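Taking full-length UniProt numbering, the leading residue of the sequence shown gets 1, the next gets one more, and so forth.
Note that the Cβ used here is the ideal one computed from N, Cα and C, for glycine as well.
Here the structure is a predicted model, which is why all the values come from computation and not from measurement.
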Amino acid sequence: MNKLTEAKTNDTRIKQYFCAICGTSFNYNSQLTSHRRIHTEEKPYHCDICDKSFSSNSTLTHHKYTHTGEQPYHCDICSKSFPGSSDLTKRKRVHTGKKPYQCDICG
Numbered sequence: 001m002n003k004l005t006e007a008k009t010n011d012t013r014i015k016q017y018f019c020a021i022c023g024t025s026f027n028y029n030s031q032l033t034s035h036r037r038i039h040t041e042e043k044p045y046h047c048d049i050c051d052k053s054f055s056s057n058s059t060l061t062h063h064k065y066t067h068t069g070e071q072p073y074h075c076d077i078c079s080k081s082f083p084g085s086s087d088l089t090k091r092k093r094v095h096t097g098k099k100p101y102q103c104d105i106c107g
C-alpha cells in the first residue's frame with residue numbers, strides 16, 4: 001500500500017503539546033485533548049435523536065445532518081450541496097484539479 005503524506009504547510013508555530021501514547025504533536029492543548037479520545041475511545045457527545053456517541057462535537061453536528069437532511073455547505077462552482085465542510089473541500093478539488101497529497105514513494 002502506498003503511504004500518502006500531506007503537503008507541507010506554511011505553519012511555523014512550535015508544536016508544544018505531545019501525546020504521551022503515540023508522540024503526535026499539536027499546536028493547541030484542545031487539539032491534544034481531542035486526539036487523546038482516539039486512544040481512550042471516549043465519546044462524550046451523544047445524538048439526542050438516535051443516541052449514537054461521538055468523540056467530537058463537530059462530528060456529532062455532521063452526524064445530525066443525516067437526520068435532518070441539511071446540507072449547509074454549497075459549491076459556488078456547480079451549486080451542489082454537502083453536509084460537511086470537508087465534503088465541500090473535496091468537491092472543489094474536482095473543479096480545480098488540486099491534489100494536496102503526494103505519494104512519498106512514486107511522487
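Next item on the list: Going by DSSP, name the residue or residues bridged to H67.
Entry: None, per the DSSP bridge assignment.
Next item on the list: Please go through the same chain and pick out, in chain order, the residues whose beta-carbon is closer than 8 angstroms to the beta-carbon of L88, but skip the five residues on each side of it.
Entry: Y73, H74, C75 and F82
Next item on the list: Tell me whether Q16 sits in a helix, a strand or coil according to DSSP, three-state version.
Entry: coil
Item checked: Boundaries (first-last residue) of the beta strand (DSSP E) holding C103 -> Y101 to C103
Next item on the list: Out of K90, D104 and I105, state which residue places its alpha-carbon closest to the alpha-carbon of K98.
Entry: K90
Item checked: As assigned by DSSP and simplified to three states, the class of S56 -> coil
Note to self: So, with DSSP's three-state summary, where would you put C106?
What the structure shows: coil
Margin query: Quick check on this structure: which residue in H63, S34 and T40 has the alpha carbon closest to the alpha carbon of D48?
Written below: H63
Note to self: Rounded to the nearest angstrom, what separates I77 and C103 at their Cα positions?
What the structure shows: 28 angstroms
Notebook entry, point to check: Alpha carbon to alpha carbon, what distance is there between S30 and R37?
Noted result: 11 angstroms
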